[in-house]
Amino acid sequence: MADFLMPALGADMETGRVVQWLVAPGATVKSGDVVAVVETHKGAIDVEIFLDGVIHDLVPLNTPLPVGAVLARVALPDAAPVTATPALAQTPTLAPALPQQRLTATAAAAPAPAPARPRISPAARQRARQLGIDPVTLQGHGADAVVTLADVERAAAARSAAMPASAVPPARGGGFDPAQMRQAIAAAMARSKREIPHYYLGQSIDFAAASDWITRWNADRPPEQRLLPAVLLLKATARALQAVPPLNGFWENGSFRAGDGIHIGWAIALRGGGLVAPAIHHADRLSLSELMEHLRDLVQRARSGGLRSSELTDPTITVTSLGDRGADSVYGVIYPPQVAIVGFGRVQPQPWVVDGQIVVRPVLQASLAADHRASDGHLGGQLLAAIDKALQAPETL
Amino acid sequence: MNDATPQTMTYREACRQAIRDALQADERCFVMGEDVGLYGGCYAVTKGLLEEFGPQRIVDTPLAEVGFVGAGVGAALAGLRPIVEIMTCNFSLLALDQILNNAATIPHMSGGQFAVPLVIRMATGAGRQLAAQHSHSLEGWYAHIPGLKVLAPATVEDARHMLAAALADPNPVLIFEHIVLYNAEGPLDPAVTAVDIAHAKVRRSGSDVSLVTYGNGLPKCLAAAEGLQAEGIAAEVIDLRVLRPLDMATVTASVARTHRCVIVDEGWKSGSLSAEIAARLAEDALYELDAPVRRVCTREVPVPYAEHLETAALPQVADIVAAARGLVRAA
Chain B
6 MADFLMPALG
16 ADMETGRVVQ
26 WLVAPGATVK
36 SGDVVAVVET
46 HKGAIDVEIF
56 LDGVIHDLVP
66 LNTPLPVGAV
76 LARVALPDAA
86 PVTATPALAQ
96 TPTLAPALPQ
106 QRLTATAAAA
116 PAPAPARPRI
126 SPAARQRARQ
136 LGIDPVTLQG
146 HGADAVVTLA
156 DVERAAAARS
166 AAMPASAVPP
176 ARGGGFDPAQ
186 MRQAIAAAMA
196 RSKREIPHYY
206 LGQSIDFAAA
216 SDWITRWNAD
226 RPPEQRLLPA
236 VLLLKATARA
246 LQAVPPLNGF
256 WENGSFRAGD
266 GIHIGWAIAL
276 RGGGLVAPAI
286 HHADRLSLSE
296 LMEHLRDLVQ
306 RARSGGLRSS
316 ELTDPTITVT
326 SLGDRGADSV
336 YGVIYPPQVA
346 IVGFGRVQPQ
356 PWVVDGQIVV
366 RPVLQASLAA
376 DHRASDGHLG
386 GQLLAAIDKA
396 LQAPETL
Chain X
128 MNDATPQTMT
138 YREACRQAIR
148 DALQADERCF
158 VMGEDVGLYG
168 GCYAVTKGLL
178 EEFGPQRIVD
188 TPLAEVGFVG
198 AGVGAALAGL
208 RPIVEIMTCN
218 FSLLALDQIL
228 NNAATIPHMS
238 GGQFAVPLVI
248 RMATGAGRQL
258 AAQHSHSLEG
268 WYAHIPGLKV
278 LAPATVEDAR
288 HMLAAALADP
298 NPVLIFEHIV
308 LYNAEGPLDP
318 AVTAVDIAHA
328 KVRRSGSDVS
338 LVTYGNGLPK
348 CLAAAEGLQA
358 EGIAAEVIDL
368 RVLRPLDMAT
378 VTASVARTHR
388 CVIVDEGWKS
398 GSLSAEIAAR
408 LAEDALYELD
418 APVRRVCTRE
428 VPVPYAEHLE
438 TAALPQVADI
448 VAAARGLVRA
458 A
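Heads up: the sequence lines are chains B and X, in that order. If you read the first sequence in the numbering used here, its first letter stands for residue 6, the second for the next number, and so on. If you read the second sequence in the numbering used here, its first letter stands for residue 128, the second for the next number, and so on.
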């Protein structure tokens, strides 16, 4: 038996309510299924389950519940460990360190010294559970370095600096309030600017090769198979991050934690204001066509509703492109606890020096804003250079 | 006293006025104890009452606690309203059989047919160099006993008004008057004519740590809170007032605000009232606690006679400040 818990959909979420169950009690669910629509003050999200088994004890609809509250119980197949709480996996910060099961056979040998139990006050544990924070990850500031209520509240405040989540049209149960999203963005961005020592790098990139390649690719394909330049930017960034992993991950509790994959949060402006940056998972492993498909789907769902919980919680970096109607360049504000945001301005014809001659080339301004606690400019420069290099050989992407 | 302006009064005088009021209000009421009449009471609480009410109602007894407390139980059973004074709670152990096996138990044994509306006043506590046999704080022991109510007035107001509430209660009620408080002066609001004997009181509000105490611990905790304030720590001070039944709702509500608790008790730690409060917090308010419960209690020795040793043995303001600071500030 395992619990299916209210996930933390964005760092500033404290409570949510199930507005729709997409499964019936007694249904068999498997990991990755969307089982519920959860509404936060920022909108309704399709929530996936990461358990296999038979679901029951569904909570009633429209009851406000804190992050971490039990939404349903799942009877696991016999083989599954009873203690597993895979529902937590969708919010990495929630995952508790499971006690190591020691085999009786090896226990007969000299028992391994027990690791020191983290010292967390009962009140801090309780609050952390309510807020969906793993107190084990926190730095304690109480007497004897105990993690106290104040440490949890600080972590929650830091997290609430996080991403404005998604928008949802009224047809889905609504709840999306532009004013509230504005508030969420305000909190997240103010927090970012207050706490993250940003450094900024810019690079002009000759986009001719990429542009020509896209034109050729699209020339003999029906519209639904054509690519947008955005997928080249995504893929080039993903490829570059493979070479510079310290920019792909999170700054948490005073240290860098690498992402478990390259999950690029793609910033999508919403009609009516606000934005959301859901993840394209493992962008480095997707072909350009697959990326295009994901991008279309993501933009469509971001604007009409139906983003998945994992898409909101997983991004390891953000990429923002203001596109053809945007500005020449964009220097982003990092979405905590990520450590970098890559920005792309619009492609413009510019004078460009090739072999000592001034020629006109389509030029793209790429930028990087990165957390100086996690990386230095030298490394940041490598990322932009790698993006540049990748875009010069689009056929390899 | 019809003067509407708040007046100042000693704790001793408040106790005396309470007794005088009771004697005037109810002819079934009388005072009995060692040296309460001619001598005026060991701590002079009953001074002048013999002259005013006569030997029928201010009764000097032999030095025989089990006898006169037993007489008090009998008088209460027979319909009188005795106020028995035991010179110090140390001597009350001689009368423990009467208090526990009779006063606290007869209402139960009789299926509620017999009430024991007995009030026993005792002096308690240390701090006046009276040495071990006159300086102990045994109220926590009595708070162990079902069937008793145990009161610990810490303010002039409670000293003035708790007695009437105790006499009105059909159960045996023990009132522990702290020997150091007798000379303390405090305000008395004439507008207040009665107090309850059911609830603890928040004597000072604060958000960082709860100081839970009673009796002579109250002025010490208030002084500690003042000192902590200067350090930027807002201490809340809870005066238990009633040690049995404990008003844990007030204590846990305070801990729910502050998430930290220091219990200050002149009793010893082991098997004590402070242990009981800490245990109940662990049982009922664990998830409110952001730090371990701390206790500032009397050292586990017979209270010494020598002044510097007595001071060292008892909870002092600096000890309370240090305990609270240790919970609030990082080590």
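For every residue, glycine included, the Cβ atom is placed at its ideal position computed from N, Cα and C.
If you compare the alpha carbons of B:385, B:9, B:34 with that of residue 206 (chain B), the shortest gap goes to B:385.
At least one CB of chain X lies nearer than 8 Å to the CB of residue 127 (chain B). Taking the C-beta atoms as reference points, residue 329 (chain X) is found nearer than 8 Å to residue 381 (chain X). Boundaries of the alpha helix (DSSP H) harbouring residue 180 (chain X): 176-180, taken from the DSSP string. The beta-bridge partner set that DSSP reports for residue 33 (chain B) consists of B:59. Using a Cβ-Cβ cut-off of 8 Å, residue 359 (chain X) does not count as an interface residue toward chain B, since no Cβ of chain B sits closer than that to its own. By the Cβ criterion, the segment 303-317 of chain B is not in contact with the segment 241-254 of chain B, since fewer than three pairs of Cβ atoms, one from each stretch, lie closer than 8 Å.
In chain order, 148 make up the part of chain B whose C-beta sits under 8 Å from the C-beta of residue 456 (chain X). Contacts with chain X at 8 Å (Cβ-Cβ) do not include residue 14 (chain B). When CB distances to chain B are screened at a threshold of 7 Å, not a single residue of the segment 332-346 of chain X falls below it. The DSSP-derived three-state label of residue 18 (chain B) is coil.
The residues 20, 21, 22, in chain order, have a CB closer than 8 Å to that of residue 69 (chain B) in the same chain once the five nearest residues on each side in sequence are set aside. Within the segment 286-300 of chain B, no residue has its Cβ closer than 9 Å to any Cβ of chain X.
Listed along chain B is no residue with a C-beta nearer than 9 Å to that of residue 363 (chain X); the closest approach is about 16 Å. When CB distances to chain B are screened at a threshold of 7 Å, the residues of the segment 409-427 of chain X falling below it are 413, 414, 415, 416, 417, 418, in chain order.
In this structure, the CA atom of residue 162 (chain B) is about 27 Å from the CA atom of residue 332 (chain X). Its Cα nearest to that of residue 401 (chain B), the residue B:240 stands out among B:366, B:240, B:274.
Exposed is the label assigned to residue 354 (chain B), since fewer than 16 other Cβ atoms lie within 10 Å of its Cβ.
Here DSSP, grouped into helix, strand and coil, assigns residue 159 (chain X) to strand. Between residue 154 (chain B) and residue 197 (chain B), the beta carbon gap of about 25 Å keeps them out of contact (Cβ cut-off 8 Å).
Under the DSSP assignment, residue 276 (chain X) falls in the beta strand (DSSP E) whose first and last residues are 276-278. Listed along chain X, the residues sitting closer than 7 Å to residue 131 (chain B) by beta-carbon distance are 414. Beta-bridge partners of residue 220 (chain B) (DSSP): none assigned.
Under DSSP, the beta-bridge partners assigned to residue 371 (chain X) are X:277. Within chain X, 386, 417 have C-beta atoms less than 8 Å from the C-beta of residue 154 (chain B), given in sequence order. Annotation for residue 212 (chain X): 160, 163, 248 place their beta carbon closer than 6 Å to its own, counting only its chain and skipping 5 residues before and after. When Cβ-Cβ separations below 8 Å define contact, residue 453 (chain X) makes contact with chain B. By the neighbour-count criterion, in which 16 or more other beta carbons inside 10 Å mark a residue as buried, residue 166 (chain X) falls on the exposed side.
Between residue 375 (chain B) and residue 344 (chain B) a beta carbon distance of about 6 Å is seen, short of the 8 Å cut, so the two are scored as contacting. The shortest CA-to-CA distance from residue 220 (chain B) to any of B:209, B:57, B:237 is the one to B:237.
Taking the Cα positions, residue 208 (chain B) is about 25 Å away from residue 342 (chain B).
Residue X:373 holds the alpha-carbon nearest to the alpha-carbon of residue 324 (chain X) among X:219, X:373, X:384. Take residue 26 (chain B), set aside five residues on each side of it, and the residues of its chain with a beta-carbon closer than 6 Å to its own are 41, 63, in chain order.
According to DSSP, residue pairing for residue 136 (chain X) in a beta bridge involves X:313. DSSP places residue 324 (chain X) in the coil class of the three-state scheme, outside both helix and strand.
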